[in-house]
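Protein sequences, first through last, are from chains U and W.
Residue 21 in our numbering sits at position 21 of the first sequence, with consecutive numbering throughout.
Residue 1038 in our numbering sits at position 38 of the second sequence, with consecutive numbering throughout.
For each residue, glycine too, the CB sits at the ideal point set by N, CA and C.
Keep in mind it's a predicted model, so treat the numbers as computed, not measured.
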Amino acid sequence: MNDTPTRQVGERIRRIEDPALLRGAGRFVGDIELPGMLHAAFVRSPYAHALVTHIDVTDALATPGVVAVMAARDIARGLTTLRMPLGFPTTTLPPNITPFVLTPEEVCFAGEAVALVLATSRYTAEDGAGVVAVDYEPLPVLADCRDALKADAPKVRRESSDNVLCTFNVGYGDCAGAFAGAAHVFGEQLHQHRGGAHPMEGRGIVANYDKFAGSLSVWSSTQMSHELQFTVAAMLGIAEQSVRVVAPDVGGGFGAKFLVYPEEIAIAAAARLHACPVKWIEDRAEHFVSAIQERDQHWDVEIAVDGDGLILGVRGRMIHDQGAYTPQGINCPYNAATAVTGSYVVPNYNLDVFVAQTNKVFTIPVRGAGYPEGTFVMERLLDRAAHELGIDRALIRERNLVTAAKMPYVKPLKNRAGHAITLDSGDYPACQAKVLDVIDYAGFAERKKAARAQGRHIGIGMAHGVKGTGRGPFESASVKVSPSGRITVSTGAMAMGQGISTALAQIAAEALGATMDSIDVIAGDTAAISMGIGGFASRQTLTAGSSVLLAARKVNDKARKVASQMLEVSADDLVLRDGNVEVRGVPEMSVPLTRIARLLRGIPGYDLPRGVGAGLEATAHWEPDAMAYANAFHACEVEVDVETGGVTLLRYVAIQDSGRLVNPLIVEGQVHGGIVHGIGNALFEYMRYDENAQPISTTFADYLLPTSTEIPHLEVLFMESPSATNPLGVKGVGEVGTIPVTSAIASAVDDALSEYGVRIRAVPIDPVRVVEMIDAAQVGT
Amino acid sequence: MTPGTTSNQHAIELVVNDKPRAVTVESRTTLADCLRSQLGLTGTHLGCEHGVCGACTVLVDGRTARGCLMLAAQADGCRITTVEGLSGDGELAPLQQAFWNCHGLQCGYCTPGILMTLTELLADDPRADENAIRLALSGHLCRCTGYQNIVAAALAAVECLRGNA
């Protein structure tokens, strides 16, 4: 490729998304108003498990403003099937496991929708929903996923033959042999709870059926526009090309919007049946009970080590709370199971996984997608082994890490696409050394002693994390230069706040020698590009970015070929700069891109320039062969109040290696957000249910997200080991910051309370439990 | 009762972003819904509708209020400032500019409320330090930024305003 006169990739460029958002001029789905639009409210089950015996809509229909009430049989008139398709139909799972658009007879979690009220305003829709009289016959409830394995447990769904959705085993080597011959074996029972995704904007959808065009326009706050388009078309029985899905500004995703939800299909069907626009904006109360969560995993694991702390094997079993239905697949427990060995050399591994159904809302990945859980298991086991053997926690890690010399390091494990998990690049020991130096790990013993002399309990903790990023199979991008000179980048990648539009614009700008302000990015509009996968798995800069790069290079080649014919110079001597194709070193010999774009648009009856084809545009669907493994190492200092069990973060230092950074400003922001999500998981976020599976933490006053006063200034460092898996050399960013956090904080709390022998075995760390452990230790002495 | 007012309908007059506005609202209409649905000012966002997340924060007679907890009828006769009033279509205000420069926003959904709270803080305490800023921000939830660049932006705005003073 010719040299690029304008360096954009790698620069700290302010985001192109921001000015509109700062003026309050963003357009979120809730901001969309259409003439004649009806507003929807769902009637949701108050029971975790019950039969719906009767629905009386008389009072609802008599409510001023209410236009219609639709139950399952009503909405079914507009659907090819009442049951949602399985999101990832690639695994062997039993039939009849997905949720219903509206449930016809059996509600299986509190919050499941049984009816839909359409009214002239949201207020009147809620009035109507409040007086839909549903008769329920309560059924026995299964609330704790561990109970799903018991033969006498009540059935989560009557149609389901077993409360255990499936079991699977992940492993390699000879664990039995390794454990039999090991110098030491240490076991741990760990419980992890991850709560909900909680983007500040909940879910929401507006659907508008145009009966004259026979087309359906959908605006949804989604992480997957194309999948929503394909699903709406299939379920409504209309052609894909008659459905356009647009994701307007999306107020965060974090996994909550990486699913086609029953509500989205219900609203699309209602809009078509009533031939008018219909809007549903989820409120927070609904998000707590009906948006996906990640929730509980119970691990019973052990590690075998030699006398020096070298890992010989890890084995055990894990029970994963899947919830009442399986809308997507078992990717979350699979990721957790395959993430355990993480950054380390583990010669033998064996894990039995039980995917357990409960009468709670379904689970799919939240930011981190099982990796924080797998990491927590390994890091807790290493801390335990270090403690038991009297080895420094940094040293036991150093002894077991995959070193730079071993890269690329092929693990005897497969990702869900069936490819070997291959740690492609990075220097994990160097990351550890750098952070421990910055946080002055060597001097911590002195600090701890001094604090203890003042009656304070401080501790230091650390953890590694590694994540496969850039999941395939592809992402789409089209790059087009119009005769006006504007450059449009269209992609199936989804913008939900992470700054992907800016990053893609930088990549296109650099490849076309263009300025940032000449580029428009359209993300998440199915009318702009025909295919797309969407926003998940820290994948978009890598996959969509690579497609943008390849498409822009093709456009660059086209432009130079045309200019070469016009200027009668070799294309190799031409370069794109600021909207012109010019002879390198002779800028006065140039052709404007606008002219080339106009020529390639074609003039009726005249030939196109030779050998380039129509249009100054190109499309690419770059396919990754392998995932790029980004890594992180975190260390933190905490203080624990032994009277209250409260944990205060004093210092937090993190290094991340996400390969080449397209925009360090944006990447830092992603890492900050990722770490603080992890802090929420470590210390605050607990989605509580009672023994009847009634959700009881359904406000932000009960379910605590981290706020500004709990978070210290985060010290974030980078290492840049370019990944050879993609043409940009990048690795994913978004989730990586979250992964080591619970482990690092648990490690630090253990250390702060070392004199009490406290070991954290569950997250979030419950202050009451911490006090109980301290009290128990004091009674014991 | 004012003309146009019934037991459930209230004709109210507000000055919103320096413009007088007259509107009839139901008793139960929240200020945020009135601003968004009836006055078309959709920059004010709703994140929880129970007064915790702060996304709907606006200024009522110069003081911050939760738009989801205050009824529109209670705002009769008040001066309301929303995010749209910070700079209109003109140049970004120093605080907005600082958010842009410091990457103080990601999805931008919580941002309008945070801008209103910081506008109040910087008016009250033009020399606000990190502690004061974090304390003011503690009434807001942001899932994207981890607050760090919001704090950085607020500190940059303090510097900028001090330089201009």
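Query                                                                                                                                                                    : Result
Check whether the Cβ of N1101 (chain W) lies closer than 8 Å to any Cβ atom in chain U.                                                                                  : yes
Listing by chain order, which chain U residues have their CB less than 7 Å from the CB of P1112 (chain W)?                                                               : G24
Please say whether Q229 (chain U) and T488 (chain U) have beta carbons closer to each other than 8 Å?                                                                    : no
For L1031 (chain W), decide whether its Cβ has a neighbour in chain U, counting only Cβ atoms nearer than 8 Å.                                                           : no
What does H1010 (chain W) touch in chain U if you count any residue whose Cβ is under 8 Å from its own?                                                                  : Ordered by position in chain U, no residue passes the 8 Å Cβ test against H1010 (chain W), which lies about 15 Å from the chain.
Kindly give me the distance between the Cβ atoms of F700 (chain U) and C1048 (chain W), rounded to whole angstroms, as I take these residues to be in contact under 8 Å. : 5 Å
What are the boundary residues of the beta strand (DSSP E) that includes Q297 (chain U)?                                                                                 : 296-305
Interface residues of chain W around T709 (chain U) at Cβ under 7 Å?                                                                                                     : R1134, L1135, S1138
Taking Cβ positions only, does G1108 (chain W) come closer than 8 Å to chain U?                                                                                          : yes
Which term fits Y349 (chain U), buried or exposed, when burial requires 16 or more other beta carbons within 10 angstroms of its beta carbon?                            : buried
Which residue spans inside the segment 57-133 of chain U form an unbroken alpha helix (DSSP H) run of at least 4?                                                        : 58-61, 72-76, 122-130
Just checking my contact of E188 (chain U) with V301 (chain U) at CB under 8 Å: how many whole Å lie between their CB atoms?                                             : 6 Å
Of all the options U:Q498, U:S538, U:R660, which has the alpha carbon lying nearest to the alpha carbon of G1104 (chain W)?                                              : U:Q498
For a cutoff of 8 Å on Cβ pairs, would you count D31 (chain U) as touching chain W?                                                                                      : yes
Given a threshold of 16 other Cβ atoms within 10 Å of its Cβ, counted over all protein chains shown, does T150 (chain U) qualify as buried or as exposed?                : What sits at residue 150 (chain U) in the sequence shown is Lys, not Thr. Result: exposed.
For A394 (chain U) and M462 (chain U), which I take to be in contact (beta-carbon distance under 8 Å), what is that distance rounded to the nearest angstrom?            : 7 Å
Consider the Cβ of R1143 (chain W): report whether some Cβ of chain B lies at a distance smaller than 8 Å.                                                               : In the structure shown, chain B cannot be found, because the protein chains are U and W.
Please report how far the alpha carbon of R272 (chain U) lies from the alpha carbon of M494 (chain U), in whole angstroms.                                               : 26 Å
I want to know whether the segment 379-397 of chain U touches the segment 158-176 of chain U - three or more CB-CB distances under 8 Å.                                  : no
Grab me the residues of V569 (chain U)'s own chain with a C-beta within less than 7 Å of its C-beta, minus the 5 sequence neighbours each way, in chain order.           : V583
Determine, using beta carbons only, whether L550 (chain U) comes closer than 8 Å to chain W.                                                                             : no
Three or more C-beta pairs under 8 Å: does that hold for the segment 427-446 of chain U against the segment 539-558 of chain U?                                          : no
Along the chain, where does the alpha helix (DSSP H) that runs through Q189 (chain U) open and close?                                                                    : It is not in any alpha helix (DSSP H) - Q189 (chain U) instead sits in the beta strand (DSSP E) that spans 184-193.
Is there at least one non-hydrogen atom of the ligand SAM closer than 7 Å to the beta-carbon of A635 (chain U)?                                                          : With respect to the ligand SAM, the structure shown offers nothing to examine, as it has no ligands at all.
In this structure, what does DSSP give as the bridge partners for K1019 (chain W)?                                                                                       : W:V1016
Given a threshold of 16 other Cβ atoms within 10 Å of its Cβ, counted over all protein chains shown, does H713 (chain U) qualify as buried or as exposed?                : exposed
Alpha carbons only, please: which of W:H1045, W:A1073, W:R1127 is nearest the one belonging to N1008 (chain W)?                                                          : W:A1073
Could one say the Cβ of T1081 (chain W) lies closer than 8 Å to chain U's Cβ atoms, at least one of them?                                                                : no
What is the C-beta distance between A115 (chain U) and I55 (chain U), in whole angstroms, given that I count them as a contact (C-beta under 8 Å)?                       : 6 Å
Can you confirm whether S1087 (chain W), when its beta carbon is compared against all beta carbons of chain U, has any partner nearer than 8 Å?                          : yes
For C1068 (chain W) and I1080 (chain W), I'd like the C-alpha separation in whole angstroms.                                                                             : 14 Å
Alpha carbon to alpha carbon, how far is Y209 (chain U) from I32 (chain U)?                                                                                              : 15 Å
Beta-carbon of P199 (chain U) versus every beta-carbon of chain W: anything under 8 Å?                                                                                   : yes
Counting only the same chain and skipping the five closest in sequence on each side, list residues whose C-beta sits under 7 Å from that of I1150 (chain W).             : G1104, I1114, L1137, C1142
Examine chain U for any beta-carbon lying closer than 8 Å to the beta-carbon of G1047 (chain W), and answer yes or no.                                                   : yes
Taking only the alpha-carbon atoms, compute the straight-line gap between L782 (chain U) and T338 (chain U) and give it to the nearest angstrom.                         : Only positions 1 to 781 of chain U appear in this structure, which leaves residue 782 (chain U) out of reach.
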